[in-house]
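Chemist:
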Amino acid sequence: MKKKIEETQEELVRLNKFLSHNSNYSRREADKLIEEGKVKVNGKVVVNLATKVSNSDEVEIGRKKIREDKNKISTVIVYNKPKGEIVSKKDPQGRKTIYDSLDHKYKHFLSVGRLDYASEGLLLLSDSVEIVDALMHSDLERVYKIKVNGLITKPVEQAMQNGLEIEDATSGAFKTSKIKSMTFAPFLAYDILTNAEKFSKIKVVISEGKNRELRRFFAHFGLDVLDLKRLEYGGISLNNLPTGKTRFLTKEEYKNLRIFMNEDDRSL
66 MKKKIEETQE ELVRLNKFLS HNSNYSRREA DKLIEEGKVK VNGKVVVNLA TKVSNSDEVE
126 IGRKKIREDK NKISTVIVYN KPKGEIVSKK DPQGRKTIYD SLDHKYKHFL SVGRLDYASE
186 GLLLLSDSVE IVDALMHSDL ERVYKIKVNG LITKPVEQAM QNGLEIEDAT SGAFKTSKIK
246 SMTFAPFLAY DILTNAEKFS KIKVVISEGK NRELRRFFAH FGLDVLDLKR LEYGGISLNN
306 LPTGKTRFLT KEEYKNLRIF MNEDDRSL
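Each residue of the sequence shown is one higher than the one before, counting from 66 in my numbering.
1. Between residue 187 and residue 318, how many whole angstroms is the CB-CB distance? I'm expecting something under 8 Å.
2. Ordered along the chain, which non-local residues of its own chain (more than five positions away) have a Cβ less than 7 Å from that of residue 220?
3. Start and end of the alpha helix (DSSP H) containing residue 196?
4. Would you mind giving the Cβ-Cβ distance between residue 257 and residue 217, rounded to the nearest angstrom? I have them listed as a contact below 8 Å.
5. If we count Cβ pairs, one from each stretch, closer than 8 Å, do we get three or more for the region 266-281 versus the region 163-174?
6. If you reduce the DSSP assignment to three classes, tell me which class residue 145 lands in.
7. Among 278, 264 and 207, whose alpha-carbon lies nearest the alpha-carbon of residue 245?
8. Taking the alpha-carbon positions, what's the residue 212 to residue 167 distance?
9. Of all the options 292, 234, 302 and 215, which has the alpha carbon lying nearest to the alpha carbon of residue 264?
10. What would DSSP say about residue 179, mapped onto helix, strand or coil?
11. Opposite residue 90 in the DSSP bridges: which residues?
12. Should residue 77 go down as buried or exposed, given a rule of 16 or more other Cβ atoms within 10 Å for buried?
13. Are the beta-carbon atoms of residue 84 and residue 111 separated by less than 8 Å?
14. Leaving out five residues on either side along the sequence, give the residues of the same chain with a beta carbon under 6 Å from the beta carbon of residue 140.
15. Which whole-angstrom value describes the C-beta separation of residue 210 and residue 146, a residue pair presumed to lie in contact below a C-beta threshold of 8 Å?
16. Verify whether the separation of the beta carbon atoms of residue 144 and residue 311 is less than 8 Å.
17. Would you decide whether residue 128 is buried or exposed? Buried here means 16 or more other CB atoms lie within 10 Å of its CB.
18. Measuring only between beta-carbons, confirm whether residue 141 sits less than 8 Å from chain D.
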């Protein structure tokens, strides 16, 4: 009787992904290192960004060996972003970015979506590309508090309840945006806090994160968004976190995140 030998095939992953998972470099930073010839695989310099490696390959950056960290636990932080910061590593216009304010140890963290320069509130960041990608492309609830310069009329309420399709949604968008038409799904919920001629305040719950979605929506009705603050994302809230400060997820929030990732066929 012959013994059956099962050959286990090691999973191959992109080199930049391997580096970002097992070091403090982001994928973009890893790509730059590869292009500059600073990365070796099994003793040979590689410059091909499409290179794939397994855990048995010997990967080095300079003289430092990069090994798989099986015990590494992905980290997610909550940042209460103030107005006047760009959610980007660098800004061509020289404006302040979130990374100018965040502790240096978070320089390689990636943000879950964006909040524009004039917006504030909850921003999630993580050192896991998988978590960032899963959260960003999910239909998890996002809660915002908004102030607009006018009345929340019946047509506005009807659009929030039934959804809206706009052929020209450039009002409220960046001048450089190439997105013109936009379809808005019905809001999951909304609560009109104050409603007056000069300005109104409203709390809304949506499940999408399109480019300046809320600003475009209200601009369609001639309403400028004066203030926009994100309060929650996927059940994770600001709580009493001061503006410009960060916090780690609570045990309960991490537990819910693990459940979400497992349901999404991903793992922490």
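Glycine included, every Cβ here is placed at the ideal spot set by N, Cα and C.
Modeler: Considering the structure as presented:
1. Not confirmed; about 12 Å, so no contact.
2. 286, listed in sequence order.
3. Annotation for residue 196: the continuous alpha helix (DSSP H) segment containing it runs 194-201.
4. The C-beta distance from residue 257 to residue 217 rounds to 5 Å, short enough to fall under 8 Å.
5. Flag = no, the region 266-281 and the region 163-174 do not touch.
6. Residue 145 falls in the strand class under three-state DSSP.
7. Cα-wise, what sits closest to residue 245 is 278.
8. In a straight line, the C-alpha of residue 212 is about 27 Å away from that of residue 167.
9. Minimum Cα distance to residue 264 is reached at 215.
10. Coil.
11. Per DSSP, none; premise fails for residue 90.
12. Looking at its Cβ environment, which holds fewer than 16 other Cβ atoms inside 10 Å, residue 77 is exposed.
13. No. Outside cutoff.
14. The answer, listed in chain order, is 192.
15. With a contact defined as Cβ atoms closer than 8 Å, residue 210 and residue 146 miss out at about 14 Å.
16. Going by C-beta atoms, residue 144 is nearer than 8 Å to residue 311.
17. Residue environment: residue 128 is assigned as exposed (fewer than 16 neighbouring CB atoms within 10 Å of its CB, all protein chains considered).
18. Judged by its chain identifiers, the structure shown contains no chain D, having just a single protein chain.
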